[in-house]
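Novice: So the sequence shown is residues -20 to -1, 1 to 389, counted in mature numbering (1 follows the signal peptide of the UniProt record, and there is no 0).
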Amino acid sequence: MATSLALTLGTFSLLSPVWALDAALTEKLNDYQQKIESRSLSEAQLTELAGLTQKFPGEAKVHLVYGLALDLVGLNDQALEQFQAADKLGPQDSNAVVGIIHHLVSKGDKQAARALLDQALKRFPEDANVLFMLGKTLKQDRDFDSAEKTLWRAHNLPNRPIGLATELAELYSATNPELAVNLASEDIERQSNYAPALAVLAEAFYNQGQYRRAIYPCEILVKQSISWRNISDIYARCLFWDGRYKEAVLPMLVTLAKSATYLGGRMPGAEMIAQTVPHISGKKLSAILDNFYASNSKELVRNPFHFYLASALEKGGRYELAYKEINTFLSADPKNVDALIFKGKLQETYLGDYDGALQSYKTAHALLPYNGPCNQALMRLEDRLRERDGDLAWKLRDGLRSFFHLPPI
């Protein structure tokens, strides 16, 4: 399949004529292409482009620009048809064949994509678009030395596509962040909201220790999608180090939610939350959590998230919120022994609900009778409650504790 597709496209390209566009149509298509690059093409303009393919069926660039527009809105199969038409009609334009390669990659047909890329390299040996595609392929194959050389070769050619400088910048984000900043900035100058470049810029500033400078590209990115790559983690850390604790909590929650998909091991997001919440009032923190659940819970949150968040809140001294989170976890996993013991600890040690704690420990013990920590907690609390029942002074102190909202005895 890969060889036949590449040969077919190559044959069409060699036999087909190049159609000349009039100046007005060329200007309009160039304007549409700029709008596609900046992701600002309107639905009406997309419809007009569809009409132009009917009006000018022999114009390669019309099909190319319409294909780019369809690709932008996610209509990949229809985009492929337009790229194929453009390649047949315009053998000197590499954009069409690169569009087809992108389509094959998105479909997971790497063999066909690589065969077509090899054909394109023979037809366009010094073309920035084709070399850019080759450089990305080499990066994906983890041949970083060859990728670096190929991308620099493309970077030094005219008419390089947007994204090429960013692809290079990613190679230097950790080892040469200053160069990464300069490269990513090239694409940002062309398209101010270009997400991949903003992500590299933020990471490079972060790696330089320039946390305040990293915040700005993070702010732009989170407006597009707070789940973009690892940007929530970088954003949260930079805000924390800048003392903006309230703002830091939301990206911390996103970071935790993205990693807390199972129980087991340490979660860095939870540790950040534990360090941050003491700086925020309980009322404000509760409002932040409500806002997070209202806007992100369906897409991000899995049940283990509630367990880890409860643990972080307990470490940060927000016991009532921790209790709420562990109850949410137990509503979906009522037989989790670790969660029941954790709940009992909150009830006994921080909330003063001794009878509730006793019930939590007993439930955990019934599920797992030979659990050492659970047995110790259960016996200790039973001993304390026996002393309480025969000690009027203990009862008086506990009553005053409840009245004045003091810590449990």
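Where is the CB? At the ideal position from N, CA and C, for every residue including glycine.
For Tyr350, I'd like the list of residues in its chain whose CB is within less than 7 Å of its CB, leaving aside the five on either flank, ordered along the chain.
Specialist: If we look at Tyr350 and ignore the five residues flanking it on each side, it has no Cβ neighbours.
Novice: Could you tell me if Asn271 is buried or exposed, where buried requires 16 or more neighbouring beta carbons within 10 angstroms of its beta carbon?
Specialist: Per the 10 Å Cβ criterion, exposed.
Novice: Span of the alpha helix (DSSP H) holding Thr117?
Specialist: That run of the alpha helix (DSSP H) goes Ala108 to Gln120.
Novice: Among residues of its own chain, excluding the 5 on either side of Glu17, which ones have a beta-carbon nearer than 7 Å to its beta-carbon?
Specialist: Excluding residues within five positions, the ones whose Cβ falls inside 7 Å are Ile142 and Gln171.
Novice: Quick one: Cα of Leu(-14) to Cα of Gln188, how far?
Specialist: Low confidence applies to Leu(-14): its pLDDT is 33, below 50, so where it sits in the model is not reliable enough to give any reading.
Novice: When you compare only the Cα positions, how much space is there between Ala30 and Gly47?
Specialist: Between Ala30 and Gly47, the C-alpha separation is close to 10 Å.
Novice: Give the secondary structure of Phe104 by DSSP, where H, G and I count as helix, E and B as strand, and everything else as coil.
Specialist: Note: Phe104 maps to coil in three-state DSSP.
Novice: Is residue 391 buried or exposed, if buried means 16 or more other CB atoms sit within 10 Å of its CB?
Specialist: With the chain covering -20 to 389 only, the question about residue 391 has no answer from this structure.
Novice: In whole angstroms, what is the alpha-carbon distance linking Thr(-18) and Glu61?
Specialist: Low confidence applies here, because Thr(-18) scores a pLDDT of 37, under 50, leaving its location unreliable and the question unanswered by this model.
Novice: Can residue 400 and Asp222 be called in contact, C-beta distance under 8 Å?
Specialist: In the structure as shown, the chain starts at -20 and stops at 389, and residue 400 therefore has no counterpart that could be examined.
Novice: What did DSSP end up calling Asp2 once you bin it into helix, strand or coil?
Specialist: In this structure, Asp2 counts as coil in the three-state DSSP scheme.
Novice: Looking at Met247: is its Cβ nearer than 8 Å to the Cβ of Ala240?
Specialist: Cβ atoms of Met247 and Ala240: closer than 8 Å.
Novice: Could you check whether Leu280 and Ala237 sit closer than 8 Å to each other, using their CB atoms as the reference points?
Specialist: The answer is yes: Cβ separation under 8 Å.
Novice: For a test of the three-state rule: what should DSSP assign to Trp208, helix, strand or coil?
Specialist: Note: Trp208 maps to coil in three-state DSSP.
Novice: Which residue's Cα is closest to the Cα of Tyr154: Asp125, Lys129, Ala175 and Phe185?
Specialist: Inspection of the sequence shows that residue 154 is occupied by Ala rather than by Tyr. Ala154 has its Cα closest to that of Phe185, out of Asp125, Lys129, Ala175 and Phe185.
Novice: How long is the line joining the alpha carbons of Trp(-2) and Asp11, rounded to whole angstroms?
Specialist: Bear in mind that a pLDDT of 40 at Trp(-2), under 50, signals an unreliable position, so the number given afterwards is only what the model happens to contain. Cα-Cα distance, rounded: 19 Å.
Novice: Assign Phe124 to buried or exposed, taking buried as 16 or more other Cβ atoms, counted over all protein chains shown, within 10 Å of its Cβ.
Specialist: Classification for Phe124: exposed.
Novice: Can you tell me where the alpha helix (DSSP H) holding Ser165 begins and where it ends?
Specialist: Residues Pro157 to Arg170.
Novice: Is Arg246 helix, strand or coil by DSSP?
Specialist: Three-state DSSP puts Arg246 in coil, outside helix and strand.
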